[in-house]
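Q: Before anything else, here's the structure in question.
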Amino acid sequence: MSNVKFVNVSSLPNIPWQEKPEGIKGAPVWRYTENPIIDRNPVEGVARIFNSAVMPYEDGFIGVFRGEQTNGIPYIYLGRSKDAIHWDFDKEKIPFEDEDGKPFMPVYAYDPRLVKVEDTYYIIWCGDFYGAAIGMAKTTDFKKFVRIENPFLPFNRNAVLFPRKINGNFVLFSRPSDSGHTPFGDVFISESPDLVYWGKHRHVMSRGNEWWESVKIGGGAAPIETSEGWLLFYHGVSGTCNGFVYSIGGAILDIDNPSIVKYRCTNFLLTPEQWYEERGFVPNVCFPCATLQDNDTGRIAIYYGAADSYVGLAFTKLDEIVDYIKSNSVLSDTDTEIGRR
Ligand code: BMA
23 MSNVKFVNVS SLPNIPWQEK PEGIKGAPVW RYTENPIIDR NPVEGVARIF NSAVMPYEDG
83 FIGVFRGEQT NGIPYIYLGR SKDAIHWDFD KEKIPFEDED GKPFMPVYAY DPRLVKVEDT
143 YYIIWCGDFY GAAIGMAKTT DFKKFVRIEN PFLPFNRNAV LFPRKINGNF VLFSRPSDSG
203 HTPFGDVFIS ESPDLVYWGK HRHVMSRGNE WWESVKIGGG AAPIETSEGW LLFYHGVSGT
263 CNGFVYSIGG AILDIDNPSI VKYRCTNFLL TPEQWYEERG FVPNVCFPCA TLQDNDTGRI
323 AIYYGAADSY VGLAFTKLDE IVDYIKSNSV LSDTDTEIGR R
């Protein structure tokens, strides 16, 4: 087993965890036996919670949750937990405001990510900016949530912020798209010195390396810094005669220039197999949005939306997953290039 180490990752002794069961075939990723951890109708007025992001906070955990309201409109709700498995949700939507403290609510908001950079927590989502585009806000106390400029023009979905600046700049994955369900999509990154002005756009990874990710791919959880590079859990989409199938993939990106992919796993790491992944509002979806990790043990907990209806939890270990990705890596030209043309 490799001696890969986390970098800039804290101890998290209360990370949710189950040991790897016997008989796992394929990738070393195993589901929590009590999945799904969030069931339907979790809050008054919210029919389903899925595609959500969590992180350690104070003596427990906090998260931003995609709540599909009973009128069908998605929004972001705050949740708190002692064990990162059982969650209490606020009944009200997150009250976003502008820089002057006036209410400034997105029209809708979905697929939130939650990332801490230095002393500030950032929430990144997909919302309406005269078409689907990326929204962002910041908080330091989870009481006051201030919107910051929308980083990109429409259409763009699925943005993920890196947990630290690289060469002095914030770095954001995104996936330019169309106004519909987007039958294409690669992952790009952009840099910003101030979270207002974005540039130095680079291509990271193309769809279509393998059939399970042949239609489109998108950044998933915030990348995890390791001695091998940025460990990325992302989603890949396959097109079938009966619709899209969303699986979880894994890649490792260069630490100083993450537009360069060092390793990319040819096999999916997790694909819909359980009832809560195969059956729901949108069947056959595993959509990763966050991880927790413990520096002392190498444990990683992956949070993923299941069938646009539930939240699932899966586990892996740093050394096992890095070994698996490296030993099953197949790279294309667009992976290894700097991503500028
Ligand atoms: C994507 C996003 C995700 C969703 C997925 C499957 O385009 O809308 O929120 O989980 O489709 O429906």
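So for the sequence shown, our numbering puts the first residue at 23; every next one is plus one.
For each residue, glycine too, the CB sits at the ideal point set by N, CA and C.
What residue does the alpha helix (DSSP H) around E299 start on, and which one ends it?
A: One-based indexing of the sequence shown puts residue 299 at position 277. Start and end: 297-300.
Q: When you compare the CB positions of Y326 and P50, do they come within less than 9 Å of one another, or not?
A: For this step, residue 326 is matched to residue 304 along the sequence shown. For this step, residue 50 is matched to residue 28 along the sequence shown. No.
Q: Rounded to the nearest angstrom, what separates F290 and K124 at their Cα positions?
A: Working through the sequence shown from its first residue, we reach residue 290 at position 268. Working through the sequence shown from its first residue, we reach residue 124 at position 102. Cα to Cα, F290 sits roughly 44 Å from K124.
Q: According to DSSP, simplified to helix, strand and coil, what is V344?
A: On the sequence shown, position 322 is the one that residue 344 refers to. Looking at V344 - three-state DSSP - the assignment turns out to be helix.
Q: Cβ atoms of A329 and I307: under 9 Å apart, would you say?
A: Residue mapping note: residue 307 aligns to position 285 of the sequence shown, counting from 1. Residue mapping note: residue 329 aligns to position 307 of the sequence shown, counting from 1. Checking the sequence shown, residue 307 turns out to be Val, not Ile. Contact: yes.
Q: How many Å lie between A312 and D122 at the Cα?
A: On the sequence shown, residue 312 is found 290 positions in, with the first residue counted as 1. On the sequence shown, residue 122 is found 100 positions in, with the first residue counted as 1. Rounded to the nearest angstrom, the two C-alpha atoms are 31 Å apart.
Q: In chain order, what residues of the same chain have a beta carbon less than 8 Å from the beta carbon of E300, not counting five sequence neighbours either side?
A: By 1-based counting over the sequence shown, the position of residue 300 is 278. Closer than 8 Å at Cβ, skipping near neighbours: P294, N306, A329.
Q: Taking 8 Å as the limit between beta carbons, can you name the residues of its chain near D105, skipping five residues before and five after?
A: Stepping through the sequence shown from its first residue, residue 105 is reached at position 83. Cβ within range, chain order: N36, P38, G82, F83.
Q: How big is the Cα-Cα spacing for G221 and E41?
A: Locating residue 221 in the sequence shown gives position 199, counting from the first residue. Locating residue 41 in the sequence shown gives position 19, counting from the first residue. Cα-Cα distance, rounded: 43 Å.
Q: Would you say the stretch 276-289 touches the stretch 260-267, given that touching needs at least three Cβ pairs under 8 Å?
A: Too few Cβ pairs lie closer than 8 Å, so no.
Q: At a cut-off of 8 Å, is Y97 close to ligand 1 when judged by its beta-carbon and the heavy atoms of the ligand?
A: What you label residue 97 is simply residue 75 of the sequence shown in a count that begins at 1. Y97: no, Cβ never under 8 Å from ligand 1.
Q: Can you tell me the Cα-Cα spacing of P128 and P43, whole angstroms?
A: In the sequence shown, counting from the first residue as 1, residue 128 sits at position 106. In the sequence shown, counting from the first residue as 1, residue 43 sits at position 21. So the alpha carbons of these two residues sit roughly 43 Å apart.
Q: For C308, list the residues DSSP reports as bridge partners.
A: The sequence position of residue 308 within the sequence shown is 286, counting from 1. DSSP lists A328 as partners of C308.
Q: Which one or two residues does DSSP pair with Q91 in a beta bridge?
A: The count along the sequence shown starts at 1 and reaches residue 91 at position 69. Paired residues: V68.
Q: Which residue wins for smallest C-alpha separation from K238, given the options F266, P215, E247, L292?
A: Here residue 238 refers to the residue found at position 216 when the sequence shown is read from its first residue. Here the closest residue by C-alpha is F266.
Q: In the structure shown, what three-state DSSP assignment does W220 receive?
A: Along the sequence shown, read from residue 1 onward, the residue named residue 220 stands at position 198. Coil.
Q: At a threshold of 8 Å, does N178 count as lining ligand 1 (C-beta to nearest heavy atom)?
A: Residue mapping note: residue 178 aligns to position 156 of the sequence shown, counting from 1. No, Cβ of N178 sits at least 8 Å from all heavy atoms of ligand 1.
Q: Should H108 be listed as close to ligand 1, given that the test is whether its C-beta is under 8 Å from any heavy atom?
A: Taking the sequence shown and counting its residues from 1, the one referred to as residue 108 is at position 86. No, ligand 1 has no heavy atom inside 8 Å of this Cβ.
Q: T293 by DSSP, collapsed to three states: which one?
A: Counting from 1 along the sequence shown, the entry for residue 293 is found at position 271. T293: coil per DSSP, three-state reduction.
Q: Rounded to the nearest angstrom, what separates E114 and A181 at their Cα positions?
A: Taking the first residue of the sequence shown as 1, we reach residue 114 at position 92. Taking the first residue of the sequence shown as 1, we reach residue 181 at position 159. Taking the straight line joining both Cα atoms gives about 24 Å.
Q: DSSP puts E119 in a beta bridge; with which residues?
A: Within the sequence shown, the letter at position 97 stands for residue 119. In DSSP, E119 forms a bridge with P125, V168.
Q: Please go through the stretch 172-220 and give each complete beta strand (DSSP E) segment of 3 or more residues, from N-terminal end onward.
A: Here the runs fully enclosed are 178-183, 192-198, 209-214.
Q: Residues in the same chain with beta-carbon distance under 8 Å from D120, minus the five sequence neighbours each way, listed in chain order, please.
A: Numbered from its first residue, the sequence shown carries residue 120 at position 98. So the qualifying residues of the chain are F126, V168, R169.
Q: Identify the continuous alpha helix (DSSP H) that holds D355 and give its terminal residues.
A: Your numbering for residue 355 matches position 333 in the sequence shown. Segment 355-358, the alpha helix (DSSP H) holding D355.
Q: Indicate the three-state DSSP secondary structure (helix, strand or coil) for W147 in the structure shown.
A: If you number the sequence shown from 1, residue 147 lands on position 125. The answer is strand: DSSP assigns W147 an E or B state.
Q: What separation, rounded to the nearest whole angstrom, lies between the Cα atoms of I116 and I98?
A: Stepping through the sequence shown from its first residue, residue 116 is reached at position 94. Stepping through the sequence shown from its first residue, residue 98 is reached at position 76. Answer to the nearest angstrom: the Cα atoms are 6 Å apart.
Q: Based on Cα-Cα distance, which residue from V352, I360, L314, S349 lies nearest to T338?
A: Counting from 1 along the sequence shown, the entry for residue 338 is found at position 316. Nearest C-alpha to T338: L314.
Q: Is there at least one non-hydrogen atom of ligand 1 closer than 8 Å to the beta-carbon of N73?
A: By one-based count along the sequence shown, residue 73 stands at place 51. The answer is yes for N73.
Q: Out of M23, V218, T142, which has the shortest C-alpha to C-alpha gap to K166?
A: Taking the sequence shown and counting its residues from 1, the one referred to as residue 166 is at position 144. That would be T142, whose Cα lies nearest to the Cα of K166.
Q: I'd like to confirm something about G190: is its beta-carbon nearer than 8 Å to some heavy atom of ligand 1, or not?
A: Start at 1 with the first residue of the sequence shown, and residue 190 comes out as number 168. Not so, every heavy atom of ligand 1 lies at least 8 Å from the Cβ.
Q: Can you give me the C-alpha to C-alpha distance between R62 and F303, rounded to a whole angstrom?
A: Mapped onto the sequence shown, residue 62 falls at position 40. Mapped onto the sequence shown, residue 303 falls at position 281. Going from the Cα of R62 to the Cα of F303 covers about 11 Å.
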